[in-house]
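Undergrad: The structure's right below; bear with me while I get my questions together.
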Ligand code: CMP
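Residue numbers (the working numbering): 35 to 169.
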C-alpha cells in the first residue's frame, strides 16, 4: 500500500561547500522520489532559530545556529512513498562518524554539527520547516 508523503531536506553549508548538491539530489531521484521544490538560500539567525526551535535548550544550539547561517544552503521538498522515513534512512545517523557507509552522512560527513544534510523527522516538522524556507 502506498503512503504518498512530502518531506524537506536542507543541504547544509558543509555539503554545499564540498560541491555535493548534485550528487545528493541525484540519490533521491535515483531512488524514485520527485523533487517538487528547490531553493538556494542562506539562513539568517532569526529563521535558523525558528527552524531549530526544538533544540533551543540544548548545549549545542548556538553552535548549530551559527553553523547553519555560515554559508549557502539548499532546501528541497521531496515527494514519494514513505518519503519521511525513507529519506531519514538514506541520510543516516545524526553523528556522521556513526552513520553507515552508503548513507549520505556515512559517505560524506565527518562531524556532528557539520553533518552535510538535515531532513524532517515527522509530518509536523515538515510543515513547520518548509514554511520557514518556502514561506
Ligand atoms: P539535524 O538533522 O540538522 O538536526 C539537529 C542538528 O543538531 C543535527 O542535525 C546535528 O547537526 C546537531 N546536533 C544534534 N546533536 C548534537 C550534539 N550532541 N552536538 C552537536 N550538534 C548536535
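Even for Gly, the Cβ is constructed at its ideal location relative to N, Cα and C.
1. Hey, would you say residue 109 sits closer than 8 Å to residue 51, going by beta carbons?
2. How many angstroms separate the CA atom of residue 96 from the CA atom of residue 35?
3. Taking only the alpha-carbon atoms, compute the straight-line gap between residue 164 and residue 72 and give it to the nearest angstrom.
4. By how many angstroms is the C-alpha of residue 43 removed from the C-alpha of residue 107?
5. With DSSP collapsed to three states, give me the class of residue 120.
6. Are there any heavy atoms of the ligand CMP lying less than 7 Å away from the beta-carbon of residue 86, as far as the coordinates show?
7. Is the stretch 61-79 close to the stretch 147-154, with three or more CB pairs under 8 Å?
8. Looking only at DSSP bridge pairs, what is residue 110 linked to?
9. For residue 126, which residues from the same chain have a beta carbon less than 7 Å from its beta carbon, with the 5 sequence-adjacent residues on both sides left out?
TA: So, from the data block:
1. no
2. 42 Å
3. 11 Å
4. 10 Å
5. helix
6. yes
7. no
8. 43, 72
9. 133, 134, 137, 138, 139, 140
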